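Numbered continuously in my numbering, the sequence shown closes out at residue 1143. All C-beta atoms, glycine included, are put in the ideal place defined by N, C-alpha and C. Here the structure is a predicted model, which means the values were calculated and not measured.
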Amino acid sequence: MAYTYTNKRRRLKCSSTTPNKWADELPTELLGLIVKKLASNFMDIGRFKAVCSSWNSAARSYTSAPLPQYPGLMYPSTQWGWNGKGICFFSLAEKKVYKTEESQGFLGVGSFLGSSHGWLVMEKVAWAFSEISLFNPISRKSRTLPPFPRGSPISKIVLSSDPSCNSKFVVVVIHETLNVPTRLAFYQHGRGGENANAWTVLEGSHDHYFDILLRNNGHLFALSRDHSIQVWDFGDTYNNNNPTKIMHFRPSRNGIHGTMMGDKTRLVESMDELLLVEREWLGNNSRGAEKFDVYKLNIAAKTWEKVECLRDCALFLAKNQPAMSLSTQKLPRLKENSIYFADEYHELTHGGGITDIHVRGVFNFETKVVKQYCITGANNFGYSPAVWIVPSPW
């Protein structure tokens, strides 16, 4: 296993050659039971593989199919970015911080643009273009995407599937342009034809978009500034056809607050439902308390309906990345009926400057209380936003 995990107390290096006679003699069935207990935390699987060759083989055998993984936060190890200090990973399951070295795939990276399907989206700014790449921090595999003009920043990026499992995955972005506030563009990896290595403007995307969500059925949902929902069908792009716009409607907003600001709303797919998460500051300044409201989309009635409970799931929010919903039944160390968030906001200093304040907490949907948590050794992520990532080790 190529990945090295470190924290202040220990360093773990995986090796499959260490002789452990007693470990080699354990029954295969017993090893399988152990792996199944550990499989949702890739850190535990890494330690398990390091014991000996037979344990390594057992882990690979029993984890060949994708298994639910606990998420974590990835962020630069200093406020000023990488500069030789590496990247930190905060394991939510273990409440521990691990560090990677800069050379492990992060050299020269300017910032994180988000994560999707266990892959980080990273940006390196060049003279005229931004170089965009996908990187799996566990397998250390990477994919290069077509460059983006430097004056056209990306505000949101989503993947259709895990690039490890599908070589023809689709990438969709919200980006700014000179002529309109935001546009949608897409790229299909492995696509042939004249647009094989280029971004294509999504036909019919002319609004200011707050968020996008690419569902498992290939339908892209976009939330625009006028609160309307626009839907494109990406199902036939694998045959070199452009996506087709199939819906455009404005759901009624009974009970939803009037402003619906772009940085306070998120779309998320949960339990086969499309949810809208609205965040509201309480108090007269940006340090005030927070609350979240959740609504589900009734497509037939074209309405947003208030959700009173996030049963059997927890939601995860962070700046610039797709919101996630994870099962608390499959990942029991997560808090059911909760919203985990790692976000940022800005406030003016006495001298007129702007300070980035980063909030990491859990909102209890039942009690409406936020419990903030502190990550030991973490600075404000002023250089690059922190991103939630669900590891994809296999």
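Secondary structure at residue i, three-state DSSP: helix, strand or coil?
i	result
Phe797	helix
Asn946	coil
Lys848	strand
Leu1230	The requested residue 1230 is not part of the displayed model; the chain covers only 750 to 1143.
Ala1072	coil
Leu862	strand
Ile1048	coil
Thr926	coil
Val784	helix
Ala807	helix
Thr1077	coil
Ser731	Outside the shown range of the chain (750 to 1143) lies residue 731, about which nothing can therefore be said.
Ile1141	A quick correction: the sequence has Ser, not Ile, at residue 1141. Here Ser1141 sits in coil by DSSP.
Leu1083	coil
Glu1115	coil
Closer than 7 Å by C-beta to residue i: which residues in its own chain qualify, once you throw out the five before and the five after it? Chain order, please.
i	result
Phe918	Leu908, Ser909, Ser910, Pro912 and His938
His957	Pro930, Thr931, Ser973 and Arg974
Thr777	Ala807
Between the Cα of residue i and those of the options, spot the shortest distance and give me the residue it belongs to.
i	options	result
Cys837	Ile881, Pro886 and Ser802	Pro886
Ser973	Trp804, Asn965, Lys1055 and Pro1000	Pro1000
Leu822	Asn805, Trp868 and Asp1061	Trp868
Ser916	His924, Ser891, Thr926 and Ile903	Ser891
Lys845	Ser865, Leu862, Tyr819 and Gly863	Tyr819
Thr1116	Phe1090, Lys1040, Ser1074 and Gln979	Lys1040
Leu1064	Lys1055, Lys994, Val1026 and Trp1053	Val1026
Ser954	Lys1079, Leu969, Arg940 and Arg964	Leu969
Lys1084	Lys1068, Asn1069 and Asp1061	Asp1061
Glu1018	Gly900, Val922, Asn965 and Asn1069	Asn965
Glu872	Arg899, Ser1087, Tyr847 and Asn1047	Arg899
Arg1030	Phe1112, Leu780 and Ser977	The displayed chain sequence assigns Trp, not Arg, to residue 1030. Selected option, being the one with the closest Cα: Phe1112.
Val922	Thr893, Thr1014, Thr1052 and Leu862	Leu862
Arg940	Leu933, Val920 and Thr926	Val920
Phe983	Gly967, Ala971 and Phe998	Gly967
Under 7 Å between C-beta atoms, does residue i make it to chain E?
i	result
Asp1061	Protein chains in the displayed structure number just one, and chain E is not present.
For my contact list, residue i and residue j are in at a C-beta cut-off of 8 Å; report their separation, rounded to the angstrom.
i	j	result
Leu962	Leu1016	4 Å
Leu951	Pro992	6 Å
Phe1090	Leu1075	That belief does not hold up - the Cβ atoms of Phe1090 and Leu1075 are roughly 14 Å apart, past 8 Å.
Pro1071	Ser879	Contact doesn't hold; Cβ gap of about 20 Å is too wide.
Met1073	Trp1137	6 Å
For residue i, collect the residues of the same chain with a Cβ closer than 6 Å to its Cβ; drop the 5 residues on either side in sequence, then sort them by chain order.
i	result
Ser1022	Before going further, note that residue 1022 is Glu rather than Ser in the sequence given. Counting only Cβ-Cβ distances below 6 Å, and skipping sequence neighbours, we find Lys1045.
Val947	Here the sequence assigns Ala to residue 947, which means Val is not the residue at that position. Pro895, listed in sequence order.
Leu841	Tyr819, Pro820 and Gly821
Ile903	Leu862, Val922 and His924
Thr893	Ser882
If you follow the beta strand (DSSP E) that residue i is part of, which residue opens it and which one closes it?
i	result
Ser916	Premise fails: Ser916 is in no beta strand (DSSP E) and is neither H nor E.
Glu872	Trp868 to Val874
Arg1015	Thr1014 to Ser1019
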